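Line by line, the protein sequences give chains G and B. Quick note, this note's numbering runs 1 ahead of the 1-based positions in the first sequence. Quick note, this note's numbering runs 723 ahead of the 1-based positions in the second sequence. Take a look at the structure below.
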Amino acid sequence: MNVLRVDVRVEVPGFGVDATFSASNGVTVLSGPSGSGKSLTLAAIAGTLRPVRGVIHLDDVVFADVDSRIHVRSQDRRLGVVYQHAALLDHRSPLDNVALAVRDGEAALRRSSAMELLARVGAGSLADAKTRSLSGGERQRIALARAMAGSPRLLLLDEPFSSLDSASRAELRALLKELVAEHRLIALVVTHDQADVDALADRVVVYEPGRTVSASE
Amino acid sequence: MNDWFPLWLSLRVSVIATACAGVLGVALAYLLAKWRSRWAAVVEAIFTLPIVLPPTVLGYYLLTLLGTRSVLGGAWLSTFGSPLVFTESGAVVAATVSALPFVIRAARAAMSNVDARVEESARVMGLSEWKVARVVTLPLAARGIGAGVALGFARALGDFGATVMVAGNIPGQTQTLPVAVYDAVQAGDDATARTGSLVLGAIAVVVLVFVTQVFARRR
Numbered sequence: 002m003n004v005l006r007v008d009v010r011v012e013v014p015g016f017g018v019d020a021t022f023s024a025s026n027g028v029t030v031l032s033g034p035s036g037s038g039k040s041l042t043l044a045a046i047a048g049t050l051r052p053v054r055g056v057i058h059l060d061d062v063v064f065a066d067v068d069s070r071i072h073v074r075s076q077d078r079r080l081g082v083v084y085q086h087a088a089l090l091d092h093r094s095p096l097d098n099v100a101l102a103v104r105d106g107e108a109a110l111r112r113s114s115a116m117e118l119l120a121r122v123g124a125g126s127l128a129d130a131k132t133r134s135l136s137g138g139e140r141q142r143i144a145l146a147r148a149m150a151g152s153p154r155l156l157l158l159d160e161p162f163s164s165l166d167s168a169s170r171a172e173l174r175a176l177l178k179e180l181v182a183e184h185r186l187i188a189l190v191v192t193h194d195q196a197d198v199d200a201l202a203d204r205v206v207v208y209e210p211g212r213t214v215s216a217s218e
Numbered sequence: 724m725n726d727w728f729p730l731w732l733s734l735r736v737s738v739i740a741t742a743c744a745g746v747l748g749v750a751l752a753y754l755l756a757k758w759r760s761r762w763a764a765v766v767e768a769i770f771t772l773p774i775v776l777p778p779t780v781l782g783y784y785l786l787t788l789l790g791t792r793s794v795l796g797g798a799w800l801s802t803f804g805s806p807l808v809f810t811e812s813g814a815v816v817a818a819t820v821s822a823l824p825f826v827i828r829a830a831r832a833a834m835s836n837v838d839a840r841v842e843e844s845a846r847v848m849g850l851s852e853w854k855v856a857r858v859v860t861l862p863l864a865a866r867g868i869g870a871g872v873a874l875g876f877a878r879a880l881g882d883f884g885a886t887v888m889v890a891g892n893i894p895g896q897t898q899t900l901p902v903a904v905y906d907a908v909q910a911g912d913d914a915t916a917r918t919g920s921l922v923l924g925a926i927a928v929v930v931l932v933f934v935t936q937v938f939a940r941r942r
């Protein structure tokens, strides 16, 4: 059982959030109104924002410890991320997008791993498509495959399905649950959509503006 | 216009200067786009000076910096056995410095407009900073960089003041086309002045149309 422990304060100009929770294998949904600090927490876990107080660690690996001046680079945390608008490289094919995120092996091996991942998320036929012309649901499938490509233990998803139609949403929620179970991952999903909470959550961390207020199974 | 040497020299100097300004300018623009410090503005202002300084003043600075009695000019002389000023190489340096701010400003603006989430995603998925720059930032900023490089070429081709101060006006050696036009006007040679001006004007129009159509077009 992997455990992520988060106890930090994260600040940006004009706003700060105190987040305290832990998450183990399965899907943990960070739920709460817009502007309550969910995405800031995710940024601190991803390493793209430095907390001003506290610690983040995954099992015995410290990602950030402000008192000890430890801040592990994003590149070295071995995470997968999916944003609301899939931040894909439109000038590269879907296959390239995924292959770039495969960390180990020769180029041919990385491409074959990427191809397997695309097939696993139901996007094998899109490998050489024009990335720019993909639909929202297709882009999120590619983004999910890319997030899995680095063999992460922790997946961070920020409003991953909110710009999709309801059919795509349902399919991708089911796909995410399957991947998390298959790979025994910890997935943190930021959402303010109750349907996401109902369909995905093994546990829920509730935010009020500026702080976490509860965590429940 | 019987002697086409100034045109060929101008083209040669401009191409080399554009390559130098392109490499230096893109590297500096990347550092300026990513460097979150108030000093970044100061550094950018210094590299933008060639746009606002009178070209002769820029030329004077370069002459002082690169003359044989300066540290840099002395080092060049002892390394290559000939001075940098009043040579074709001097013209390249003057044109590079004139073109540099156009590349830096356009490239920096384009790089700053790249969606930070795309770069962050790339970092989180393990790409090194160098690979993020090469695979994400530079390709996404390519149009802006291309526009800056094209404008830099046009500026290098048209440079007069800095070039004449640093490289002089030696026919057959350092006399570029803008300098030859000036020389022709001084000598009352209207035909040469007219032809040279038309050629420079035509090249400038072609570059500007190219920039508008190819680089500044919406995606």
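Idealized CB from N, CA, C, for every residue including glycine. As the structure is a prediction and not an experimental result, all values here were calculated from the model.
Original post:
At a Cβ threshold of 9 Å, is G/Ala-47 touching chain B?
Top reply: Along the first sequence, read from residue 1 onward, the residue named residue 47 of chain G stands at position 46. Yes, G/Ala-47 lies at the interface with chain B (some Cβ there is under 9 Å from its Cβ).
Subject >> C-beta atoms of B/Arg-857 and B/Phe-938 nearer than 9 Å >> reply: On the second sequence, residue 857 of chain B is found 134 positions in, with the first residue counted as 1. On the second sequence, residue 938 of chain B is found 215 positions in, with the first residue counted as 1. No; because the gap between Cβ atoms is not below 9 Å, this pair is not in contact.
Subject >> Touch test, the segment 15-34 of chain G against the segment 191-211 of chain G, Cβ-Cβ under 8 Å, three pairs minimum >> reply: yes
Original post:
For B/Leu-747, which residues from the same chain have a beta carbon less than 7 Å from its beta carbon, with the 5 sequence-adjacent residues on both sides left out?
Top reply: Against the second sequence, residue 747 of chain B aligns to sequence position 24. Leu-823, listed in sequence order.
**OP:** List the endpoints of the continuous beta strand (DSSP E) containing G/His-58.
**Re:** Along the first sequence, read from residue 1 onward, the residue named residue 58 of chain G stands at position 57. From DSSP, the beta strand (DSSP E) with G/His-58 extends over 54-59.
Original post:
In chain B, which residues lie with their C-beta within 8 Å of the C-beta of G/Gly-151?
Top reply: The residue labelled residue 151 of chain G in the question sits at position 150 within the first sequence. Those are Met-848, Gly-849, listed as they occur along chain B.
**OP:** Anything in chain G within Cβ reach of B/Arg-840, meaning under 8 Å, just list it in chain order.
**Re:** Taking the second sequence and counting its residues from 1, the one referred to as residue 840 of chain B is at position 117. Tyr-84, His-86, Ala-88, listed in chain order.
Subject >> Residues of its chain near G/Ala-200, where Cβ-Cβ distance is below 6 Å and the 5 sequence neighbours each way are ignored >> reply: Stepping through the first sequence from its first residue, residue 200 of chain G is reached at position 199. Contacts found: Arg-174.
Original post:
For G/Arg-78, does the three-state DSSP call read helix, strand or coil?
Top reply: Sequence index remark: in the first sequence, residue 78 of chain G carries index 77 (1-based). The answer is coil: DSSP assigns G/Arg-78 none of H, G, I, E or B.
Original post:
Is the beta carbon of G/Ala-148 less than 9 Å from the beta carbon of B/Met-848?
Top reply: The count along the first sequence starts at 1 and reaches residue 148 of chain G at position 147. The count along the second sequence starts at 1 and reaches residue 848 of chain B at position 125. In this structure, B/Met-848 lies closer than 9 Å to G/Ala-148 by Cβ.
Subject >> G/Phe-162 in three-state terms, based on DSSP >> reply: Translated into the one-based positions of the first sequence, residue 162 of chain G becomes position 161. Coil, per DSSP.
**OP:** Return the chain-ordered list of same chain residues with a C-beta closer than 7 Å to the C-beta of B/Ala-818, the five sequence neighbours on each side being excluded.
**Re:** Here residue 818 of chain B refers to the residue found at position 95 of the second sequence. Cβ within range, chain order: Val-736, Ser-737, Ala-740, Ala-879, Asp-882, Thr-886.
Original post:
Checking contacts by CB at 9 Å: is B/Ser-920 closer than that to chain G?
Top reply: If you number the second sequence from 1, residue 920 of chain B lands on position 197. No - not a single Cβ of chain G is within 9 Å of the one on B/Ser-920.
Original post:
Interface residues of chain G around B/Val-859 at Cβ under 7 Å?
Top reply: Counted from its first residue, the second sequence places residue 859 of chain B at position 136. Residues of chain G passing the Cβ test: Leu-90.
Original post:
Alpha carbon to alpha carbon, what distance is there between B/Tyr-905 and B/Phe-825?
Top reply: Within the second sequence, the letter at position 102 stands for residue 825 of chain B. Within the second sequence, the letter at position 182 stands for residue 905 of chain B. Straight-line Cα distance between these residues: approximately 24 Å.
Original post:
Does any CB atom of chain G fall closer than 9 Å to the CB of B/Ser-844?
Top reply: Residue numbering aside, residue 844 of chain B sits at position 121 when the second sequence is read from its first letter. Yes, because at least one Cβ of chain G sits closer than 9 Å to the Cβ of B/Ser-844.
Original post:
Is there contact between the segment 154-172 of chain G and the segment 191-200 of chain G, where contact requires at least three CB pairs shorter than 8 Å?
Top reply: yes
Original post:
Where does G/Lys-131 land, buried or exposed, given buried means 16+ other C-beta within 10 angstroms?
Top reply: Stepping through the first sequence from its first residue, residue 131 of chain G is reached at position 130. With fewer than 16 other Cβ atoms within 10 Å, it is exposed.
**OP:** Compute the Euclidean distance between the alpha carbons of G/Gly-137 and G/Ile-143, then round it to the nearest angstrom.
**Re:** Stepping through the first sequence from its first residue, residue 137 of chain G is reached at position 136. Stepping through the first sequence from its first residue, residue 143 of chain G is reached at position 142. Approximately 10 Å, taken between the alpha carbons.
Original post:
Which class does G/Tyr-84 belong to by DSSP, given the choice of helix, strand or coil?
Top reply: In the first sequence, the residue the question calls residue 84 of chain G occupies position 83. Coil.
Original post:
For the candidate residues B/Asn-892, B/Thr-787, B/Trp-799, whose alpha-carbon lies nearest to that of B/Phe-809?
Top reply: Counted from its first residue, the second sequence places residue 809 of chain B at position 86. Taking only the C-alpha atoms, the option nearest B/Phe-809 is B/Asn-892.
Original post:
Do we get a CB-CB distance below 9 Å when we pair G/Arg-147 with the residues of chain B?
Top reply: Indexing the first sequence from 1 puts residue 147 of chain G at position 146. Yes, because at least one Cβ of chain B sits closer than 9 Å to the Cβ of G/Arg-147.
**OP:** Give the single residue among B/Asp-912, B/Gly-875, B/Val-902 whose Cα lies nearest to the Cα of B/Ile-774.
**Re:** Along the second sequence, read from residue 1 onward, the residue named residue 774 of chain B stands at position 51. Residue B/Gly-875 is the option with its Cα nearest to B/Ile-774.
Subject >> CA nearest to the CA of B/Leu-772, picked from B/Gln-896, B/Ser-821, B/Ala-927, B/Gly-869 >> reply: Locating residue 772 of chain B in the second sequence gives position 49, counting from the first residue. Measuring from the Cα of B/Leu-772, the nearest candidate turns out to be B/Ser-821.
Original post:
Looking only at C-alpha atoms, which of B/Val-922, B/Ala-873, B/Arg-917, B/Phe-770 sits nearest to B/Val-932?
Top reply: Walking along the second sequence from the start, residue 932 of chain B turns up at place 209. It is B/Ala-873 whose Cα lies nearest to the Cα of B/Val-932.
Original post:
Can you name, in chain order, every residue of its own chain whose Cβ lies under 8 Å from the Cβ of B/Pro-777, other than the five neighbours on each side?
Top reply: By 1-based counting over the second sequence, the position of residue 777 of chain B is 54. Once the five neighbours on either side are set aside, the close Cβ partners of B/Pro-777 are Gly-884.
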